[in-house]
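In what follows, a structure is listed as structure tokens, so that the remarks can point back to it.
2 protein chains.
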Amino acid sequence: MTQIDLSPKTCANCPIRPRAICSRCTADELMELDKIKFYKTYPAGASVVLMGDPMTFVASVVSGVATLSRSMIDGRMQMVGLLLPSDFIGRPGRDKASYDVTAVSELTLCHFHKKPFEKVTHATPHVQERLVEIALDELDAAREWMLLLGRKTAREKIASFLLICARRLGRKEGESLHLELPLTRDAMSDYLGLTIETVSRQMAALKRDGVLLLEGTRKVKIPDFSRLLDEAGDDSDGATLS
Amino acid sequence: MTQIDLSPKTCANCPIRPRAICSRCTADELMELDKIKFYKTYPAGASVVLMGDPMTFVASVVSGVATLSRSMIDGRMQMVGLLLPSDFIGRPGRDKASYDVTAVSELTLCHFHKKPFEKVTHATPHVQERLVEIALDELDAAREWMLLLGRKTAREKIASFLLICARRLGRKEGESLHLELPLTRDAMSDYLGLTIETVSRQMAALKRDGVLLLEGTRKVKIPDFSRLLDEAGDDSDGATLS
DNA sequence: CGCCTTCTTGAACGGTCTCAAGCCCAGTGG
DNA sequence: CCACTGGGCTTGAGACCGTTCAAGAAGGCG
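Each protein sequence line maps, in turn, to chains A and B.
Start counting the first sequence at 69; every next residue gets the next number (the numbering used here).
Start counting the second sequence at 69; every next residue gets the next number (the numbering used here).
See below:
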């Protein structure tokens with residue numbers, strides 16, 4: 069989980085450029101952004117911001133995994149977003165955080181001070197444009213998740229989660245698909261609106277039924293991808309893998 | 069529910085201007101938009117678009133209520149958005165509908181042909197800017213809803229729904245707050261991730277406990293707003309009413 | 001009036017949660 | 001080497017909340 073990247077951090081060799089907020093930027097625009105950016109690495113488990121905190125920056129995930137979550141006064145919590153490399157954190161035009169952001173693995177962010185970022189935003193339509201796309205993509209993901217939370221069974225929820233992970237993190241090896249889960253069972257339960265016990269039981273059930281193989285608790289093999297699709301209950305949105 | 073508006077439909081007397089996609093536009097920009105817009109009214113119950121349909125337009129809700137929903141092959145469905153006047157439908161840059169859009173009351177939309185709208189979007193930063201805001205607001209609402217779907221009890225779900233309705237549709241009359249529910253029990257159940265029976269039972273329970281009064285099935289009085297806030301389980305986000 | 005549709009109410013079932021142990025494994029210290 | 005510890009995970013038994021199935025009430029409208 070703890071990968072050490074010794075290469076210098078510059079826009080030129082940035083691994084997330086193709087999908088990030090700056091993907092459409094010209095060389096000139098990149099230089100503008102470059103002036104106001106800074107990198108920071110958080111250890112696993114660290115809190116990046118807490119709901120209600122003043123937000124003085126926006127950022128892109130460069131490496132690692134973070135979660136967005138909301139919680140109720142009595143402690144119940146629901147994860148509302150999973151942030152993987154290239155995902156964007158923060159909202160221009162709002163000065164208080166609407167969610168808790170937590171690093172679940174070692175996490176490196178590319179920060180922009182918010183005020184200057186907003187200026188750049190107004191001046192460069194390419195950033196604004198990409199921001200609309202990102203926001204609308206996240207909106208689609210959130211709504212997909214609403215269907216999962218409101219209507220899917222525990223088993224379908226687990227299968228859907230594996231599907232999402234497989235699409236973004238999986239690697240084909242021969243016939244089957246390998247992936248390493250980015251979350252603990254506990255975090256999975258927060259994501260899926262379940263308890264940790266139910267997550268554990270359903271993982272066991274899917275294993276028993278041959279939908280997946282487990283190596284340890286995090287490494288998963290999917291022998292038959294279409295089987296997983298069925299289990300997730302989605303009306304197959306094509307795209308076997310990116 | 070069926071209001072007939074005989075006034076001529078023009079941007080000049082548009083009731084939703086302050087919040088709509090065009091709210092920031094200058095007179096010149098409005099004229100550009102005016103060229104590519106057209107109004108259309110749908111009867112209650114009509115389908116506006118179905119998931120997967122080609123989307124040739126985007127639109128704003130002028131009057132009436134519409135819902136966004138997704139459904140699974142076996143018929144389970146989850147509402148993922150409630151569209152009230154001034155809300156925006158559609159997504160520039162995508163040509164297939166991601167959800168079903170349904171009119172739940174008589175519904176009037178202000179349509180823009182998508183292609184020309186996208187051009188205007190690129191040319192006028194004010195529209196782009198407002199689009200980012202709208203998308204991010206919807207994202208916040210969707211994530212709030214995820215907390216509700218994943219973690220709240222049936223009773224809390226009903227109370228939260230009433231709260232949302234009260235905030236956007238309620239009118240103070242003396243001490244108490246009056247509002248007319250925009251949805252049937254059935255649509256409420258789709259929204260809240262419940263069954264219609266549970267909705268009915270919990271409405272009855274809230275009535276029994278004095279949280280609300282019912283006149284018929286749609287007209288609701290809230291004698292004590294802060295009581296409703298408690299029942300919803302939210303960490304009071306201030307804003308008693310608009 | 002009868003016939004819709006919408007809503008309410010009741011009884012039984014079942015999926016998920018709660019509570020409580022116990023397992024596995026890595027790390028630590030004797 | 002072992003014993004101990006703590007975190008993450010699994011497993012079991014029972015309770016509970018919301019669903020399912022079924023019937024009936026309340027309007028709206030011919």
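All residues carry an ideal CB built from backbone N, CA and C; glycine is no exception.
Since the structure is predicted, the reported quantities are computational estimates derived from the model, not experimental observations.
Remark: C-beta atoms of A/D142 and B/G238 do not approach each other more closely than 9 Å. In the structure shown, the three-state DSSP call for A/R236 is helix. At the C-beta level, B/M214 and A/A114 stay beyond 9 Å of one another. Rounded to whole angstroms, the Cβ separation of B/A127 and B/C178 is 6 Å, and the two are in contact under 8 Å. When only Cα atoms are considered, A/G218 and A/E201 end up about 26 Å apart. If you check the CB distance, A/M147 and B/D303 do not come in under 9 Å. DSSP, reduced to helix, strand and coil, places A/Y167 outside both helices and strands of the structure shown, so it counts as coil. For B/R269, not one C-beta of chain A is nearer than 9 Å to its own C-beta. For the segment 217–229 of chain B, the set of positions with a beta-carbon nearer than 7 Å to some beta-carbon of chain A reads L217, G218, R219 in chain order. Under the Cβ criterion (8 Å, minimum of three pairs), the segment 285–298 of chain A does not count as touching the segment 179–195 of chain A. Ranked by how close their Cα comes to the Cα of A/L274, the residues A/K225, A/K240, A/A255, A/L247 have A/K225 in first place.
With respect to the 9 Å criterion, B/V129 and B/I157 are classified as neighbours on the basis of their beta carbons. When Cβ-Cβ separations below 9 Å define contact, B/I141 makes contact with chain A.
Of all residues in the segment 185–217 of chain A, those with a C-beta nearer than 8 Å to a C-beta of chain B are H190, P193, Q196, E197, L199, V200, E201, A203, L204, E206, L207, D208, A210, R211, E212, W213, M214, L215, L217, reading in chain order. According to the DSSP secondary-structure assignment, B/S244 is paired through a beta bridge with B/E241. Assigned with DSSP and collapsed to three states, A/S131 falls in strand. Closest option to A/R198, judged by alpha-carbon separation, among A/P86, A/R269, A/R295: A/P86. B/P83 has a beta carbon lying at 9 Å or more from every beta carbon in chain A. The Cβ of B/S166 sits closer than 9 Å to at least one Cβ of chain A.
By the neighbour-count criterion, in which 16 or more other beta carbons inside 10 Å mark a residue as buried, B/E265 falls on the exposed side.
Within the segment 150–164 of chain B, the residues whose Cβ lies closer than 9 Å to any Cβ of chain A are, in chain order, R159, P160, G161, R162. Secondary structure at A/E174: coil, using DSSP grouped into helix, strand and coil. In this structure, DSSP gives B/P122 an extended state, which the three-state scheme calls strand.
Against chain B, a Cβ distance below 7 Å from A/R138 picks out R211, L215.
Burial of A/K105 is indicated by the presence of at least 16 other C-beta atoms within 10 angstroms of its C-beta.
DSSP places A/S115 inside the beta strand (DSSP E), whose first and last residues are 115–117. For B/K289, the enclosing beta strand (DSSP E) begins and ends at 287–290. Within a 10 Å sphere around the beta-carbon of A/K220 sit 16 or more other beta-carbons, which makes this residue buried.
A direct Cα-Cα distance of roughly 12 Å separates B/H190 from A/V195. Cβ neighbours of A/V116 within its own chain (closer than 7 Å, five residues either side excluded): Y110, A134, V169, T170, A171. The beta carbon of A/G132 sits closer than 7 Å to the beta carbons of A171, S173, E174, L175, T176 from its chain, once the five residues preceding and following it are set aside; these are given in chain order.
Our two residues, B/G261 and B/D96, have alpha carbons roughly 45 Å apart in a direct line. Pairing B/L136 with A/L98, the inter-Cα distance amounts to about 38 Å. Within the same chain, and ignoring the five residues on either side of B/G149 in sequence, the residues whose Cβ sits closer than 6 Å to its Cβ are L136.
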